[in-house]
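Below is one structure, written out as structure tokens; comments come after it.
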């Protein structure tokens, strides 16, 4: 797969994303210092100014406060040499979760945003994705995608690839090599697609089955397959039903798009008039479940929302993409307050950034816009954005028992945030307590403030 990549620029801090990084330390590691996390949608920000988090074999074994340190040393058999003290201006937080990202579109990040969704797909996206029949090209791009997302603090990502089974395996190779946690899905599309980028129904189903089995055979709990019909507009009913059956047979995740733009919805109902609405297309073909996530849902109706709730299906909110492609503004607080699980997604390259931190800010601004227009009762707070980016994302991907916050028994997927190094974009002033640090990081921070990234206790990025 090539050598590990260490990126060094004379104008930026030095950092490493660690391909084939060391496995989690066998002994206990104990972090002492401030930490933040979410406990629920209604308790989205909990701040512990003087916390203790202990990690062993990748799992969290201690969540406590420093005043109990002596007792913890005795009960967990660790000493001063096992302690990692956070520096001034640093705090721990859970890793960021990207619930919707198109890895092959990464070369188009920041360009081609002059068209709405369907025209954008035809002009920019499909020609690029067709190139991934070459696994070498796939390796070049997918390595950069994983490096960039890890550098931006993404510990878990739900990746779309392309219709090519072999290069989709390359994506799995990359996330496995760099130690990221990921869902990886081979894209399926058998109709109403360009002649140069389409499969037959049988090719799509057999390729998906092959891909799912190969990923499951790796027995790597960090890398899982997900069934990935692109959307109803490029899939026949036979394909959708076949994919639903594969998902049920193997008990795997599902990801696709729903209600992103008005023209998309109109076209879907033209193609599937036998269904009562767009969500019903997926429900009627077996593609809604507690492990399914629908990207966007900008124009979702109350009837469709009930269908998702009945199936315990989640939504990925992608505000940057929704603005960039003129799709609209998703009423995220309405969706979450209705009891539907919601996480954040970058939707690269409809979204122009691979940073979930940026998505948090765009989610806040989108909700403010809707509030101004009277379409949301109140805006989204930075605390709620933190929840969506961490525990909310874990819940949306049906992984909340494993990741999303700091609780004993969960995996240690975490970031060390530092705000006081010389190239930080954030200025701090006297008496800036942990609450100030958190809000400034969410609203002003970037990858330069993400000092360390851990996945399952493994260090995958450090300055």
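Residue numbers (full-length UniProt numbering): 1 to 463.
We put the beta carbon where it would ideally sit given N, CA and C, even for glycine.
Only buried fits residue 181, as 16 or more other CB atoms lie within 10 angstroms of its CB.
Boundaries for residue 283: no beta strand (DSSP E) harbours it, while the alpha helix (DSSP H) harbouring it runs 278 to 284, taken from the DSSP string. Going by DSSP, residue 184 is part of the beta strand (DSSP E) stretching over 181 to 185.
Residue 141 and residue 253 have their C-alpha atoms some 24 Å from each other. A Cβ-Cβ separation of about 30 Å leaves residue 96 out of contact with residue 301 under the 8 Å criterion.
Minimum Cα-Cα distance from residue 324 among the listed residues 306, 336, 351 and 313 corresponds to 351. According to the DSSP assignment, residue 254 belongs to the beta strand (DSSP E) that extends over 253 to 258.
Rounded to whole angstroms, residue 29 and residue 84 show a C-alpha spacing of 7 Å. Assigned with DSSP and collapsed to three states, residue 415 falls in strand.
Residue 105 carries a helical assignment under DSSP once its states are collapsed to helix, strand and coil. The residues 94, 95, 97, 155, 156, 181, 394, 410, 411 and 413, in chain order, have a CB closer than 8 Å to that of residue 403 in the same chain once the five nearest residues on each side in sequence are set aside. Fully enclosed beta strand (DSSP E) runs of no fewer than 3 residues occupy 223 to 229 of the segment 207 to 235, in order along the chain. Contact between the segment 117 to 136 and the segment 440 to 459 is absent, with fewer than three C-beta pairs closer than 8 Å. Taking the C-beta atoms as reference points, residue 34 is found nearer than 9 Å to residue 90. A distance of 9 Å or more separates the beta carbons of residue 279 and residue 249. Cβ contact annotation for residue 175 (same chain, cutoff 6 Å, sequence separation greater than five): 146, 182 and 223, in chain order. In the DSSP assignment, residue 154 falls within the unbroken beta strand (DSSP E) covering 154 to 160. For residue 291, no beta strand (DSSP E) encloses it, and the DSSP letter there is neither H nor E.
For residue 126, the uninterrupted alpha helix (DSSP H) run begins and ends at 126 to 129, by DSSP.
Contact between the segment 292 to 301 and the segment 328 to 348 is present: 3 or more CB-CB pairs across the two stretches fall below 8 Å.
Between residue 126 and residue 194, the gap from beta carbon to beta carbon is short of 9 Å. The beta carbon of residue 312 lies closer than 8 Å to those of 289, 290 and 341 in the same chain, with the five residues before and after it left out. Taking the Cα of residue 261 as reference, the smallest distance to any Cα among 117, 251 and 354 is reached at 117.
Nearest in C-alpha terms to residue 76, of all of 425, 56 and 281, is 56. Annotation for residue 214: 169 place their beta carbon closer than 7 Å to its own, counting only its chain and skipping 5 residues before and after. The straight-line gap separating the alpha-carbon atoms of residue 228 and residue 65 is approximately 43 Å.
Distance between residue 38 and residue 197, taken at the CA atoms: about 42 Å. Linking residue 361 to residue 331 through their CA atoms gives a straight-line distance of about 15 Å. Per DSSP, reduced to three states, the secondary structure at residue 35 is strand. Your pair residue 179 and residue 416 does not check out as a contact, with CB atoms roughly 16 Å apart and the cut at 8 Å. Across the set 191, 225 and 375, the C-alpha of 191 shows the shortest separation from the C-alpha of residue 239. Per DSSP, residue 64 is one residue of the beta strand (DSSP E) stretching across 59 to 65.
Each residue's CA atom was taken as its position, placing residue 62 and residue 73 some 11 Å apart.
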